[in-house]
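For the protein sequence lines, the chains are S and B, in the order given.
Here the numbering used here is used: position 52 in the first sequence is 53, and no number is missing along the way.
Here the numbering used here is used: position 42 in the second sequence is 299, and no number is missing along the way.
The beta-carbon is built from N, C-alpha and C at its ideal position, and this holds for glycine as well.
The structure appears below as structure tokens.
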Amino acid sequence: LAKTTQPISMDSYEGQEVNITCSHNNIATNDYITWYQQFPSQGPRFIIQGYKTKVTNEVASLFIPADRKSSTLSLPRVSLSDTAVYYCLVASANTGNQFYFGTGTSLTVIP
Amino acid sequence: DAGVTQSPTHLIKTRGQQVTLRCSPKSGHDTVSWYQQALGQGPQFIFQYYEEEERQRGNFPDRFSGHQFPNYSSELNVNALLLGDSALYLCASSLVRQPQHFGDGTRLSIL
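Encoded structure:
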């Protein structure tokens, strides 16, 4: 299962767009990418999932280039409540396994 | 529709004791995974249960064991507790190849 690499931390001002990039050089053909958000003392919460190109939902967008060796989570106009840790996972489409969380990216939104 | 529920929310044990943590999956989910999350770290995969059998296991010793019941609920048992077992224990439920839904965990403290 492909491991992932993310920046340890990021800061952003309220109202700005935040882009968090994840590297997954060893992603397999059938693997897909999933992002989770976690607040302190809570379990991770699913944000978005994709296989290639671009996926958008009501809270985020996910951009995946053609080689799929990286992906970028985009959070539009962040607010203070978006301060959290964000995890990128690579999941196997064959087994559905998505177990490796890594250390995540700690995002701090500044007023 | 209740999400994933875990009990107890907090627990204090001493070294050498045994502990059992419980998890009720989200309605309709048949797969349960357990994670250990130390302070400041990402969740570490312990094991996954499906159809009452352990399907996948992470790099944890045999002191960590589990069970899944016919109603899909699950237990995590840890024997011979060590100080290093202090952590937030997370349960996640899912359907195959679907995103995981997490509970808010059990905070286990070992004295």
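TODO: For L368(B), write down the residues that DSSP places opposite it in a beta bridge.
DONE: Per DSSP, L368(B) has no beta-bridge partner at all.
Buried/exposed call for H267(B), threshold 16 Cβ in 10 Å: Of the other Cβ atoms in all chains shown, fewer than 16 fall within 10 Å of the Cβ of H267(B); this residue is therefore exposed.
#### Entry: Residues of its chain near L333(B), where Cβ-Cβ distance is below 6 Å and the 5 sequence neighbours each way are ignored
Answer for L333(B): L278, W291 and G323, listed in chain order.
- Query: How about S10(S) and V79(S): do their beta carbons lie closer than 7 Å?
  - Reply: Their beta carbons are not under 7 Å apart, which means S10(S) does not touch V79(S) by this criterion.
message: In the DSSP output, what is T261(B) paired with across the bridge?
response: Correcting the residue type first, residue 261(B) is Val in the shown sequence and not Thr. V261(B) pairs with nothing; no bridge assigned.
Residues of chain B with CB under 7 Å from Q43(S), in chain order?
Result: D361.
Straight-line gap, T271(B) to R364(B) (C-alpha atoms, nearest Å):
Looking at the backbone, the Cα of T271(B) and that of R364(B) are separated by about 14 Å.
Worksheet item: Quick one: which chain B residues come within Cβ less than 7 Å of Y88(S)?
Response: The CB of Y88(S) comes closer than 7 Å to the CB of G299 in chain B, given here in chain order.
Q.
In the DSSP assignment, the beta strand (DSSP E) including I9(S) goes from what residue to what residue?
A. Counting along the chain, I9(S) falls outside any beta strand (DSSP E), and DSSP gives it neither H nor E.
Point to revise | Contacting residues, own chain, Cβ-Cβ under 6 Å from S350(B) (five flanking each side not counted) | key: If we look at S350(B) and ignore the five residues flanking it on each side, its Cβ neighbours are V261, P282, K283, H286, V289 and H358.
Using only the alpha-carbon positions, how far apart do E308(B) and D68(S) sit?
Taking the Cα positions, E308(B) is about 36 Å away from D68(S).
Cross-strand partners of S351(B) (DSSP beta bridge): BP columns for S351(B) point to T288(B).
Worksheet item: By Cβ distance below 7 Å, which residues in the same chain neighbour Q355(B) in space, the five residues on each side in sequence not counted?
Response: Taken in chain order, the list of residues that qualify is empty.
Practice problem: Could you tell me which chain S residues have their CB closer than 9 Å to the CB of G285(B), listed as they occur along the chain? | Solution: Within 9 Å Cβ-Cβ: nothing; G285(B) doesn't reach chain S, min ~15 Å.
Are the C-beta atoms of P356(B) and some chain S residue less than 7 Å apart?
Yes - at least one Cβ of chain S is within 7 Å of the one on P356(B).
Let me know the secondary structure DSSP gives G297(B) once reduced to three states. In the structure shown, G297(B) sits in coil (DSSP, three-state: anything other than H, G, I, E or B).
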